[in-house]
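155 is the number that the working numbering gives to position 65 of the sequence shown; each next residue is one higher, with no gaps. The structure appears right after this line, and notes come after that.
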Amino acid sequence: MTRIEKKVLILFWIFTAAITSLPYLLGWVLAGDNSSYTGLLLAAEDGNSYLAKMLSGANGAWLFRTPYTAFPQKGFLAFFPYILLGKISTPFGNYFARIFLYHLFRLVGIGFATFALYRFISLFIEDFRCRILTLGLVTFGGGLGFLYTLGFRNLWIDMPLEFYSPETFGFLAYLTIPHLVWARGFLFLGLTKFLQEDANHVIKQGIEIGLYWNLLALMQPLTVPLGWLILTAFTFGEIVFGKINRISSRFNRSKLVKLGIVILISSPFVVYTFIAFQVDPFLKIWRAQNIILSPPLTDYLLAYGLVIPIILAGFFRKPIKAMFESRLLLIWLVLLPFLIYFPYLLQRRLAEGGYVAMSILAISGMFKPGERIRKTAFLWYSLNFLTTFLFLTGAIITISGKPFPLFLSQNETRLLDFVQQKIPSQSVVLADWELSTLLPAHAPVRVIIGHGPESIRGREINERMKILFSQENPNDFKQFLQDENVDFWIMNKSEVPCFFKSNLELEFLIRRYENSKYILFEFQQTLNSGANEINR
Numbered sequence: 091m092t093r094i095e096k097k098v099l100i101l102f103w104i105f106t107a108a109i110t111s112l113p114y115l116l117g118w119v120l121a122g123d124n125s126s127y128t129g130l131l132l133a134a135e136d137g138n139s140y141l142a143k144m145l146s147g148a149n150g151a152w153l154f155r156t157p158y159t160a161f162p163q164k165g166f167l168a169f170f171p172y173i174l175l176g177k178i179s180t181p182f183g184n185y186f187a188r189i190f191l192y193h194l195f196r197l198v199g200i201g202f203a204t205f206a207l208y209r210f211i212s213l214f215i216e217d218f219r220c221r222i223l224t225l226g227l228v229t230f231g232g233g234l235g236f237l238y239t240l241g242f243r244n245l246w247i248d249m250p251l252e253f254y255s256p257e258t259f260g261f262l263a264y265l266t267i268p269h270l271v272w273a274r275g276f277l278f279l280g281l282t283k284f285l286q287e288d289a290n291h292v293i294k295q296g297i298e299i300g301l302y303w304n305l306l307a308l309m310q311p312l313t314v315p316l317g318w319l320i321l322t323a324f325t326f327g328e329i330v331f332g333k334i335n336r337i338s339s340r341f342n343r344s345k346l347v348k349l350g351i352v353i354l355i356s357s358p359f360v361v362y363t364f365i366a367f368q369v370d371p372f373l374k375i376w377r378a379q380n381i382i383l384s385p386p387l388t389d390y391l392l393a394y395g396l397v398i399p400i401i402l403a404g405f406f407r408k409p410i411k412a413m414f415e416s417r418l419l420l421i422w423l424v425l426l427p428f429l430i431y432f433p434y435l436l437q438r439r440l441a442e443g444g445y446v447a448m449s450i451l452a453i454s455g456m457f458k459p460g461e462r463i464r465k466t467a468f469l470w471y472s473l474n475f476l477t478t479f480l481f482l483t484g485a486i487i488t489i490s491g492k493p494f495p496l497f498l499s500q501n502e503t504r505l506l507d508f509v510q511q512k513i514p515s516q517s518v519v520l521a522d523w524e525l526s527t528l529l530p531a532h533a534p535v536r537v538i539i540g541h542g543p544e545s546i547r548g549r550e551i552n553e554r555m556k557i558l559f560s561q562e563n564p565n566d567f568k569q570f571l572q573d574e575n576v577d578f579w580i581m582n583k584s585e586v587p588c589f590f591k592s593n594l595e596l597e598f599l600i601r602r603y604e605n606s607k608y609i610l611f612e613f614q615q616t617l618n619s620g621a622n623e624i625n626r
């Protein structure tokens, strides 16, 4: 990599970091005396859960135990980067230190992924300009999702993949999900190393890739088997190609040896994760609730609708440096439809990296090295960024409205401060869904709803709460609190239950805190002396 390349990549990193930080910077600018900004965007449920994992690390945890359920847990080695970040934040000991480290993790990850992807792209494209064009496409590119905003919503079952699927395109991960950015970087770092043939150092290369992919497993375990599958298909494809073209069998054996070493070295954490999900009661339920299925094929055709025609046309121009490397991309594209509809609850995650392969082939088909960029090529290239631009604009508009729970009023801030300072650690707190999402990110307490996959029976409990709130007899609610091991209940004054309207004092609910929006009760079966004290 030349000095010019390094300088351009650093500038690209800075540009990407700036673009993806715009909505967050706007949020902090808009926060004033009457509200505070949480530092999150869009998928606040996921963002708060990452911050909750950081808080658990700050409080001494090394294993993941979700605070979004009261279900018993043994602990599990997962989300380790966030737990480690939490430990780094310990000396500062506040929420804003954790959100600062969260974004630092995101921004450094963008730089890492930028360099890793560029190295991978460089294996297939010689021209520097085309490499940068490809890097821009894999970072900011999107599909035909802009049609959704123009009124053609009936083309999608729900909404475009660009708006919710970080594995289908890269931008959403760069914007909101740091560990997926790092995972992408480690994936392509390993793939690049595998393609850089060195017959004299096969074992060394295999070990190095295996170590990279162990780090990948700490970020996103599922992506490691995806890498294995791609390399296995590529390796056996090369063996078949080698036999047809009478290439030395020693060359093919070295590939098999390297592949075996990669799988062996990178397998421990994957095997551990697989076994844990088979035997741990909590993880079994979590797995059953964590459903990320792929949308219909038409949604993917719309998502990739700008690059697929160019790839097909590009096969006739043959601009790629060497067919040896390009076969990996073609094999990946052949596998992609089978991956995204593989009978697996997280099937949509298996699209990871597919758009990178498509982008390389599309740029190779659209642009010739040294050739002046044609107007049609420029228009096509620009069109790939329209959906991302509209999505980013929508995020900025959302932030401008200062919505809850991205922004907190003084009522929420004071309530969270009280919970953090006065409520015993690991207490189980019942609140509405959105407030439950927030609580573990700000205080070391547990909730029983608030996160789709991690809250065991969360949706069921939430529906049960709605039914109980519509009843006038408080005894069923009392039994519910006992059954769910609840220690404290936070009532929103805008959603007062029917059983509470007729009797504002219940002996099993003891007021501990109140402001103009919330009342926090301690649940006790007998009334203790001094329990009626209210902290305002």
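Ideal placement from N, C-alpha and C gives every residue a C-beta, glycine not left out.
Residue interval of the beta strand (DSSP E) (run including residue i)
| i | result |
| --- | --- |
| Asn582 | 578 to 582 |
| Phe497 | 497 to 499 |
| Phe259 | Premise fails: Phe259 is in no beta strand (DSSP E) and is neither H nor E. |
| Tyr603 | 599 to 604 |
N-terminal and C-terminal residue of the alpha helix (DSSP H) that residue i is part of
| i | result |
| --- | --- |
| Val519 | Not the alpha helix (DSSP H): Val519 falls in the beta strand (DSSP E), residues 518 to 520. |
| Ser449 | 444 to 456 |
| Tyr172 | 170 to 179 |
| Asp573 | 565 to 573 |
| Gly470 | A small fix is needed here, since residue 470 is Trp in this sequence, not Gly. Start and end: 465 to 473. |
| Val292 | 292 to 309 |
Reduced DSSP secondary structure (H/G/I, E/B, other) of residue i
| i | result |
| --- | --- |
| Ser139 | helix |
| Val198 | helix |
| Ala108 | helix |
| Ile94 | helix |
| Phe613 | strand |
| Phe154 | strand |
| Arg70 | No answer is possible for residue 70: it lies beyond the span of the chain, which begins at 91 and ends at 626. |
| Tyr127 | strand |
| Arg547 | coil |
| Val537 | strand |
| Phe205 | helix |
| Tyr608 | strand |
| Ile100 | helix |
| Phe190 | helix |
| Phe331 | helix |
| Phe559 | helix |
| Ser384 | coil |
| Phe161 | coil |
| Leu349 | helix |
| Phe166 | strand |
| Phe494 | coil |
| Phe590 | helix |
| Gly235 | coil |
| Ile410 | For Ile410, the pLDDT reaches just 46, beneath the cut-off of 50, and the residue's location in the model is therefore unreliable, although a value from the coordinates is still provided. Correct three-state label for Ile410: coil. |
Proximity winner among the options, relative to residue i (alpha-carbon distances)
| i | options | result |
| --- | --- | --- |
| Ile538 | Gly122, Phe161, Gln379 | Phe161 |
| Gly350 | Gln516, Met581, Leu319, Lys143 | Leu319 |
| Leu224 | Gly201, Val397, Ala393, Gly137 | Correcting the residue type first, residue 224 is Thr in the shown sequence and not Leu. Cα-wise, what sits closest to Thr224 is Val397. |
| Ile353 | Pro386, Gly183, Pro315 | Pro315 |
| Leu308 | Ala467, Phe276, Pro587, Phe331 | Phe276 |
| Glu442 | Pro311, Ala148, Met249 | Pro311 |
| Phe613 | Ala323, Val586, Leu520, Leu473 | Leu520 |
| Ile382 | Thr258, Trp579, Leu153 | Thr258 |
| Thr488 | Gly122, Gly548, Phe218, Tyr127 | Tyr127 |
| Pro171 | Ala273, Asp248, Val119, Asn380 | Ala273 |
| Ile100 | Tyr208, Trp246, Lys556 | Tyr208 |
| Thr239 | Ile463, Phe154, Phe481 | Phe481 |
| Leu435 | Leu391, Gly491, Ile546, Pro385 | Pro385 |
| Ile94 | Pro181, Arg219, Ala206, Leu174 | Arg219 |
Cβ neighbours of residue i in the same chain (closer than 6 Å, five flanking residues each side left out)
| i | result |
| --- | --- |
| Ile410 | Because the pLDDT at Ile410 is just 46, under 50, the model does not fix this residue reliably, and the point stays unresolved. |
| Ala531 | Asn138, Leu141, Ala142 |
| Pro157 | Ala142, Pro530, Arg536 |
Contact set for residue i: own chain, Cβ-Cβ below 8 Å, skip 5 residues either direction
| i | result |
| --- | --- |
| Ala108 | none |
| Ile104 | none |
Neighbourhood of residue i by C-beta, 7 Å cutoff - its chain only, sequence neighbours within 5 removed
| i | result |
| --- | --- |
| Asp288 | Gln295 |
| Ser619 | At Ser619 the pLDDT is 41, less than 50, meaning the model places this residue with poor confidence; the figure from the coordinates comes in the next sentence. Correct list: empty, nothing qualifies. |
| Ala412 | Bear in mind that the predicted position of Ala412 carries a pLDDT of just 43, short of 50, making it unreliable; the figure below should be weighed with that in mind. So no residue of the chain qualifies. |
| Ile486 | Leu112, Pro113, Leu116 |
| Ala187 | Ser179 |
| Trp523 | Ile539, Gly540, Asn552 |
| Thr527 | Ala134, Glu135, Asn138, Pro495, Gly540, His541 |
| Gly201 | Trp103 |
| Phe70 | The first residue shown for the chain is 91 and the last is 626, placing residue 70 beyond what the model contains. |
Handout entry: contact_flag[the segment 194 to 208, the segment 418 to 431] where n(CB pairs < 8 Å) is 3 or more
Key = Contact between the segment 194 to 208 and the segment 418 to 431 is absent, because fewer than three Cβ pairs lie under 8 Å.
Practice task
Specify whether the segment 458 to 478 and the segment 567 to 581 touch according to this definition: at least 3 beta carbon pairs, one from each stretch, less than 8 Å apart.
Solution key: With the cut-off at 8 Å, the segment 458 to 478 and the segment 567 to 581 do not touch.
Problem - Given 8 Å, three or more beta-carbon pairs between the segment 323 to 330 and the segment 363 to 382 - result: These segments do not touch.
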